[in-house]
Each structure stands twice: as structure tokens, then as C-alpha cells.
Amino acid sequence: MVVQSDPKLSSPNAAPVRRTSERIKKMEAKTSIPQKRTPSTSNAQILLKKTKLHHNHTPQINPDPVHVADNHALSAERNVYTMVTETLRTFNKHYLHFILAEEKRCAREEADRETKTKNCSKSKMMKLNATLYTEKRIGHIPGIDVGHQFFSRAEMVVVGFHQHWLNGIDFIGQTASKSRKKGNCMEQSVPVRVVRGHKCQNSYVGKVYTYDGLYKVVNYWAEKGVSGFTVYKFRLGRLEGQPPLTTDQVHFTRGRIPTSISEIRGLVCEDITGGLEDIPIPVTNLVDDPPISPPGFVYIKDIKFSKNIKVPAVAPVGCNCQGACVDPRSCACAKLNGGDFPYVQRDGGRLVEPKAVVFECGPNCGCGPKCVNRTSQRGPRYRLEVFRTPKKGWGVRSWDYIPSGAPVCEYIGLLKRTEDLDPAADNTYVFDIDCLQTMKGLDGRESRLRDVSLPSYLQKVDEEVSESVPFCIDAGHTGNIARFINHSCQPNLFVQCMLSSHHDIKLARVILVAADNIPPLKELTYDYGYALDSVMGPDGKIRQMACFCGAQECRKRLY
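Per UniProt numbering, the sequence shown runs over residues 1 to 559.
As C-alpha cells, then:
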């Protein structure tokens with residue numbers, strides 16, 4: 001992989017190209033509204049149990065322009081896909097905050113906590129007027145395409161896709177026998193959005209909801225239901241002109257996770273880690289003929305230091321917790337993080353929200369390796385695969401569901417001084433450690449809310465920080481799985497700087513964390529952080545590189 005193209009497509013005379021932890025200089029994005037879909041040939045039918053429609057007003061049918069909550073008005077820098085993504089991320093952030101609060105109480109049953117926290121997240125967003133499309137709408141919801149997957153009904157509620165977080169069908173009521181009164185979808189030709197719920201053993205919630213598209217009512221009849229009341233049943237036919245019903249393409253026999261290496265199609269390497277990681281990472285190639293594997297690369301699982309860099313001293317302070325950190329009031333590491341733990345216990349440890357820097361427990365701490373505040377130190381815990389893409393070189397995907405906030409991997413390579421980089425060399429795999437610059441918002445970086453106070457011995461370093469980035473990680477010849485993760489203008493991972501074994505913020509660890517709930521076989525991506533027109537060639541002219549990420553808001557150029 002060479003960022004977005006094969007090595008043979010990259011110019012050998014290109015100036016240094018390096019990645020950063022935050023996207024530099026906000027890019028302008030034009031607003032786009034999905035166009036009406038054209039007919040296709042799908043005639044799938046579905047049998048659905050439904051009761052009488054109860055409503056006090058006529059729903060909107062494909063209104064134009066799009067009407068949403070005031071605080072989500074469309075602007076020149078945002079489009080409907082971004083709005084949906086940001087709303088779901090806000091929901092997940094509130095959800096994890098409530099999980100954190102519930103874990104402190106630890107008095108309720110697991111199922112009760114799950115239901116309560118999702119409902120609290122939804123209620124808080126509604127109170128803050130942070131939900132999308134509050135008016136009931138008929139037809140497609142802008143920003144949600146056929147095949148979109150949700151991880152709870154509450155997620156569907158906050159983006160305006162579904163009105164009831166508890167019930168599966170809108171307008172449902174089962175307290176009496178039903179009769180036909182005005183709201184008949186068949187006679188009014190009102191399309192129905194259909195979402196299929198799937199049980200999934202690999203999903204962290206045990207179930208996912210997939211949007212199947214719009215259906216029309218083609219027939220209906222009445223019969224006695226299990227409760228003894230008269231209910232109406234409807235037969236639905238899928239409207240033409242929509243994308244075909246597809247599931248994620250799985251390159252395994254019988255469409256399942258393989259039970260043996262022989263079942264993996266296009267396998268070129270059984271384990272690129274050479275046994276260094278707890279979970280093997282296979283490499284597949286169904287693009288090249290003959291298939292090839294990544295050349296000139298040595299896998300390592302720990303950061304290596306250049307000879308002219310002094311290995312930082314072990315962190316001078318540590319917590320006195322025993323076994324695991326559970327009480328933030330007495331944990332010294334929790335105090336470094338603003339008085340609370342940055343992770344929740346759920347799903348093996350999930351980061352509640354992005355922070356300027358996260359302080360994890362280190363060698364001088366009394367807790368053990370299973371402490372939640374050591375989550376990122378456990379290495380990759382999902383079944384990952386390196387695969388060949390048609391236009392972007394090598395990429396990475398997961399065979400498992402990855403919940404939002406879950407650390408995926410650390411960016412590993414040779415840690416060196418930035419000034420030691422060869423300007424004439426290919427620095428595609430170089431990652432700038434710009435944690436302090438990001439915290440300060442220097443050089444156009446998008447700074448995060450600073451929710452932690454640096455220890456006194458680090459405050460002087462913080463005050464003296466400049467726009468230059470003194471250290472970087474070079475994964476060109478030695479590195480780990482992170483070097484194969486591609487760029488996207490709308491990524492599903494974000495970069496989090498962390499400190500654990502030492503507290504030298506200039507040498508912070510770079511961790512890639514899930515920004516969204518990521519379904520299996522979805523390519524993992526993060527924003528490389530390049531500024532447009534920032535790369536100069538040896539001739540002094542601006543060099544450009546096309547972006548093939550395929551995102552709805554793709555900037556069309558990597559730099």
C-alpha cells in the first residue's frame with residue numbers, strides 16, 4: 001500500500017509526505033442532497049404484521065428542501081451524510097457516558113443497564129434538540145442509504161429514521177380490535193421503510209438492523225391475533241429503482257467466517273505478524289494476477305527507537321490500585337484524566353470520547369494487566385485481515401463487529417527525529433507525533449476540547465511548544481497492521497494520543513480508535529491529516545495526489 005495508490009503510481013521525486021493525528025486546515029465541503037432513485041427490477045415481497053395508523057397530521061413526502069432540527073440546518077460545509085454520522089457519534093458518546101455512570105453504581109442487572117442507558121442517551125439528545133428530522137417523513141431519509149446498519153432502535157430514533165425506540169412498527173397499538181379508518185397505506189400509495197433485524201453472534205449487541213429500502217402495500221387482510229383482537233396483515237412488495245438487496249461480500253465458502261485456512265479465498269499469507277500477535281492476521285489478494293503479498297516489510301509489535309533518541313524514563317507517578325482500577329476518587333491515573341476513567345468496561349474497554357491525551361496505567365501502577373485503564377496496551381483484539389484493493393493498494397478490514405470507542409491498534413514503527421528524515425525518500429508511512437500541536441490548535445489543526453490538566457512537570461513543555469513537530473514514527477520498513485490502514489475523507493477510525501509507560505507527551509503513543517460502530521468486512525480508515533497544496537516537489541512546484549476513498553464527501557485529493 002502506498003496511501004491511495006500502488007508504489008508504481010507514486011512519483012519518486014515527491015517531497016516528504018507525512019501523516020498527522022488531526023486533519024489540518026478544514027476542507028470546504030459542498031452540500032449535496034441525494035437525488036431520486038430510478039426504477040430497477042427487484043420484486044421481493046415481505047409479509048408484515050401491522051395495525052391501524054394513528055396520526056394527527058399528514059407526514060411529509062420527500063420534501064425539498066430538507067427540513068431538520070434548527071441546529072442541524074444544512075450549510076456549505078456539511079451534507080446529509082455527515083449529519084447522520086455526527087448524530088450517531090453524538091448518540092454513542094452520550095451512551096458511553098451513561099454506561100460509565102451506571103458502571104459506578106454497579107447495582108442493576110446487565111439487561112436493565114443496557115435498556116436504561118440507551119433510553120437516557122436518546123432522551124438527552126431530544127432534550128438538547130440534537131436529533132435529526134423530528135417531523136415524521138415518508139420515503140427515504142437523506143443521508144441513510146439502502147444497506148445502512150443500525151445497532152439499536154434508539155440509533156434509528158435519533159436520526160429520524162424510526163419513531164419508536166421500543167416498538168418495531170410505527171403507529172402500533174394492540175389494546176383493541178382494529179378497523180380501517182383513513183390511514184390505509186395501500187390505497188394512498190404510501191411507501192413503507194423496511195428494516196430487518198438480524199441476530200448476530202459476533203455483534204457486540206447481539207443484533208443489527210439493516211435498512212432494506214422502500215416497499216409498497218400490495219395486499220392486506222384481517223385475522224385474529226394471538227391476543228384475541230382483530231389485526232390487519234399487509235403483504236409488501238419492494239419498490240423498483242432501488243439498489244439491490246445485498247449483504248457484505250464475504251470471500252469465504254458458504255458465506256461464513258472460515259474454520260480453517262483452506263477456506264480463505266485469495267490467501268497469500270496465513271499470518272503477516274509471524275505469530276507476534278495473539279490473533280493471526282491473514283493477507284488476501286483477489287486483485288493481482290498472479291497474487292502478491294506486501295513486499296519489503298518486517299512486522300514488529302513494539303515501538304523501536306532510533307539510536308539518537310533517549311528512551312523516556314518510566315512515569316514518575318503511578319496508582320496504588322490493586323488488581324484493577326475501580327474507584328476514580330482514589331486512583332492517581334484517573335485524576336490525571338480529569339477525575340474519571342477514560343474507558344468503560346463494556347465490550348472489553350471502550351474509550352468514552354476523544355481526548356487531547358489519555359493517561360493509561362503504567363509500570364509503576366499497582367493494578368494488573370486486565371485493568372480497564374490499560375485497554376490500548378493489549379494489542380489487536382479483533383480478527384483483522386489485510387486485503388488488496390483495486391485502486392488503493394493494501395487495506396485492512398475486520399471479521400468482527402467493532403463497537404465505537406474500541407481501540408483497534410497502535411501505529412508502530414521506528415521512532416525518530418523529524419529532522420532526520422530524508423527529503424528525497426518516500427515518507428508515505430511516516431506519522432508525525434503532533435499531540436501538543438493538536439492540543440494547542442497550531443498550524444491550522446483542529447484542536448480538541450482540552451478536558452485534562454497536564455501534571456506540573458509537563459506544563460512547562462506545554463507552554464514552550466512550537467508549530468514544529470520534533471518526533472515521528474516511520475513504518476516504511478518495519479511496522480505493524482496500522483501501516484496498511486487507508487485514508488478516507490469520512491473515516492470510521494480516529495487518532496488518539498496516549499501516555500502509559502512514560503509521560504513524555506512529545507513521544508506519545510498513537511492509537512487508532514473506532515469512531516463508529518463498524519460492521520464486519522467494512523474497510524477500516526482514518527484521515528491522514530494532509531492539507532491541500534502542502535506537498536512540494538524538488539522543483540518547487542506543488543504536488544498533488546488523487547484520493548480514491550469513495551466517501552460521499554471525498555475531497556478528491558489527498559494533498
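We treat Cβ as the ideally placed atom computed from N, Cα and C, and that holds for glycine.
Please read these numbers as outputs of a predicted model, since none were measured by experiment.
Please report how far the alpha carbon of residue i lies from the alpha carbon of residue j, in whole angstroms.
i, j, result
"residue 147", "residue 272", "32 Å"
"residue 141", "residue 160", "8 Å"
"residue 126", "residue 158", "8 Å"
"residue 480", "residue 236", "49 Å"
"residue 493", "residue 527", "8 Å"
"residue 555", "residue 499", "33 Å"
"residue 362", "residue 313", "12 Å"
"residue 369", "residue 344", "16 Å"
"residue 24", "residue 431", "Residue placement at residue 24 is flagged as unreliable, the pLDDT there being 39, under the threshold of 50; the coordinate-derived value follows with that caveat. Going by the C-alpha atoms only, they are around 14 Å apart."
"residue 98", "residue 120", "7 Å"
"residue 227", "residue 85", "40 Å"
"residue 248", "residue 399", "With a pLDDT of 47 at residue 248, under the threshold of 50, the modelled position of that residue is not reliable, and the figure given next carries that caveat. If you take the alpha carbons of residue 248 and residue 399, they lie about 11 Å apart."
"residue 197", "residue 291", "38 Å"
"residue 265", "residue 536", "41 Å"
"residue 355", "residue 339", "13 Å"
"residue 250", "residue 358", "Only weak support is given to the placement of residue 250: the predicted model assigns it a pLDDT of 42, under 50, and the question is left unresolved by the model."
"residue 207", "residue 261", "27 Å"
"residue 83", "residue 549", "19 Å"
"residue 336", "residue 395", "36 Å"
By DSSP, does residue i sit in helix, in strand, or in coil?
i, result
"residue 198", "strand"
"residue 348", "helix"
"residue 304", "strand"
"residue 104", "helix"
"residue 242", "coil"
"residue 187", "coil"
"residue 389", "coil"
"residue 434", "coil"
"residue 268", "strand"
"residue 506", "helix"
"residue 207", "strand"
"residue 222", "strand"
"residue 19", "strand"
"residue 332", "helix"
"residue 293", "coil"
"residue 471", "strand"
"residue 140", "coil"
"residue 337", "coil"
"residue 261", "helix"
"residue 534", "coil"
"residue 355", "coil"
"residue 420", "helix"
"residue 127", "helix"
If contacts are defined as beta-carbon pairs under 8 Å, then residue i and residue j qualify, I think. What distance do you get, rounded to the angstrom?
i, j, result
"residue 371", "residue 318", "Not a contact, Cβ separation roughly 12 Å."
"residue 559", "residue 544", "7 Å"
"residue 482", "residue 409", "5 Å"
"residue 523", "residue 397", "5 Å"
"residue 211", "residue 195", "5 Å"
"residue 20", "residue 434", "5 Å"
"residue 95", "residue 149", "Actually they do not touch by this definition, with Cβ atoms about 16 Å apart."
"residue 284", "residue 151", "Their Cβ separation, rounded to whole angstroms, is 27 Å, which puts residue 284 and residue 151 out of contact at 8 Å."
"residue 321", "residue 341", "Wrong, their Cβ atoms sit about 11 Å apart, outside the cutoff."
Closest to residue i by C-alpha separation, out of the options, would be which residue?
i, options, result
"residue 81", "558, 103, 553 and 559", "553"
"residue 289", "297, 268, 296 and 282", "268"
"residue 230", "238, 220 and 239", "220"
"residue 360", "502, 474, 245 and 473", "502"
"residue 367", "334, 390 and 387", "334"
"residue 328", "91, 103 and 83", "103"
"residue 213", "228, 206 and 191", "191"
"residue 475", "222, 551, 331 and 428", "428"
"residue 297", "291, 274 and 260", "274"
"residue 496", "488, 489, 505 and 129", "505"
"residue 534", "557, 518 and 551", "557"
"residue 421", "282, 484, 472 and 143", "472"
"residue 376", "324, 510 and 153", "510"
"residue 331", "373, 549, 232 and 353", "373"
"residue 124", "137, 490 and 154", "154"
"residue 200", "389, 342, 519 and 315", "519"
"residue 143", "311, 79 and 293", "79"
"residue 293", "521, 136, 320 and 484", "484"
"residue 532", "539, 551, 521 and 489", "489"
"residue 187", "390, 217 and 307", "217"
Using only the heavy atoms of the ligand ZN, determine whether one of them is closer than 8 Å to the beta carbon of residue i.
i, result
"residue 480", "This structure does not include the ligand ZN; it has no bound ligands of any sort."
>> Under 8 Å: do the region 378-397 and the region 411-420 share three or more Cβ pairs, one atom per stretch?
In response: Too few Cβ pairs lie closer than 8 Å, so no.
> With contact counted as at least three CB pairs below 8 Å, one residue from each stretch, are the region 397-410 and the region 510-523 in contact?
Replying inline: Because the criterion of three Cβ pairs below 8 Å is met, the region 397-410 and the region 510-523 touch.
> Three or more beta-carbon pairs under 8 Å between the region 295-310 and the region 343-360, yes or no?
Replying inline: With the cut-off at 8 Å, the region 295-310 and the region 343-360 do not touch.
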